[in-house]
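A.B. asks: Using the working numbering, read the sequence shown as starting at 923 and increasing by one per residue.
Just dropping this structure here.
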Amino acid sequence: QVQLVESGGGLVQAGGSLRLSCAASGNTGSINAIGWYRQDPGKQRELVAIISSRGDTNYADSVKGRFTISRDNAKNTVYLQMNSLKPEDTAVYYCNALNRLGAYWGQGTQVTVSS
923 QVQLVESGGG
933 LVQAGGSLRL
943 SCAASGNTGS
953 INAIGWYRQD
963 PGKQRELVAI
973 ISSRGDTNYA
983 DSVKGRFTIS
993 RDNAKNTVYL
1003 QMNSLKPEDT
1013 AVYYCNALNR
1023 LGAYWGQGTQ
1033 VTVSS
């Protein structure tokens, strides 16, 4: 089992920055990749960024050049640095971990970008 706890969400003006954290616990050694997803009410959950156990990263086109995913293995934490935020980035952001047994989700953290 893997447990995930997100933090760092909040209200920010357009053009501002936030850093989200995803702290993993439990069987963290089994994790193959951790990703950040977001979901607006009435919309499907979408992948924002993902980082593999080897450190390979991938981003949604809508956030490339603005968001950076990184990890601190010593702290079992993955970060999402979000710069140049736009109102359309407003959503609940979820952390997701994958291992051979399945997928695990955090409870989500709200990000609201005002125009």
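From the three backbone atoms N, C-alpha and C, an ideal C-beta is built for every residue, glycine too.
A quick note: this is a predicted structure, and the numbers were derived from the prediction, not measured.
Using the three-state DSSP reduction, which class does A945 fall into: helix, strand or coil?
C.D. replies: Strand.
A.B. asks: Thinking just about the alpha-carbon of each residue, which of N954, R1022, S1036, G938 is nearest to the one in N998?
C.D. replies: Of the listed residues, the one whose Cα sits closest to N998 is N954.
A.B. asks: Where does R960 land, buried or exposed, given buried means 16+ other C-beta within 10 angstroms?
C.D. replies: When all chains shown are included, R960 counts as buried.
A.B. asks: Using only CA atoms, which one of G977, G937, A945, G931 lies nearest to L1007?
C.D. replies: Minimum Cα distance to L1007 is reached at G937.
A.B. asks: With C-beta atoms as the reference, is V927 less than 8 Å away from N1021?
C.D. replies: It is not a contact, given that the beta carbons lie outside the stated cut-off.
A.B. asks: Give the DSSP-derived three-state secondary structure of T999 in the structure shown.
C.D. replies: T999: strand per DSSP, three-state reduction.
A.B. asks: If you follow the beta strand (DSSP E) that A1013 is in, where does it begin and where does it stop?
C.D. replies: Its beta strand (DSSP E) spans residues 1013–1021.
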